Amino acid sequence: MVKSLEWIFLTDRMLFKAINRCKETTPYHMSMGLLTHLGGAVMTVTIALLLLIVSSPAWKGAAIQSALALIISHLIVTALKKGFKRARPYLVVGNSYVIRNPLQDSSFPSGHTTAIFSLVTPYMFYFPGLILILLPLALIVAISRISIGLHYPSDVIAGAALGVGTAFVFYQLWMVFWI
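Residue numbers for the sequence shown follow UniProt numbering, so the first one is 1 and each next one is one higher.
Structure follows, in structure tokens:
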């Protein structure tokens, strides 16, 4: 068991270094620093509220589920961050790139990744054609979190799983109780 955990942490760190790459600011890092905000609280809450307000009846179920998944997953992320208290990778891994004024709270799981996956997953369930747009968008946010030095790959994988899982629960509840 200990060997397995050591291998997981070593692989996590190795993947972090491969994605984060270098200490200097590059156009790649600058673009990731901007794209990461698509998963931030201001952006995801604003989008969720706008979609709740302007959605046609065909989109209303996805909008409601998306907003509920965003709220509940945020509460779960907050509890997990308090429980795990994992140091952010830029504090642990030497010679890594990190954005200015970086977050210093717990790294696990990625809240931005959780938020974007919570937001987009209901729309992917209802409108499978949107997967070609929404999944790459969510994956870019996840990768950006590693690129700017704030998360390990396992943080964003857990965040994606939590976001999709929370959205899936609300999708299933909706199918049982509201249709």
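The C-beta atom is built at its ideal place from N, Cα and C for all residues, glycine as well. Note that this is a predicted model, so its numbers are computed, not measured.
Between SER110 and ASP12, the CB-CB gap reaches or exceeds 7 Å. When DSSP states are grouped into helix, strand and coil, ALA87 belongs to the coil group. Taken in chain order, the complete alpha helix (DSSP H) segments of 4 or more residues contained in the segment 45-89 are 57-84. Annotated as proximal: SER73 and THR114, with beta-carbon spacing under 7 Å. DSSP, reduced to helix, strand and coil, places PRO102 outside both helices and strands of the structure shown, so it counts as coil. Distance from the CA atom of ILE64 to the CA atom of THR78, rounded to whole angstroms, is 22 Å. In this structure, the straight-line span from the alpha carbon of PRO57 to that of LEU50 is close to 14 Å. DSSP, reduced to helix, strand and coil, places VAL93 outside both helices and strands of the structure shown, so it counts as coil.
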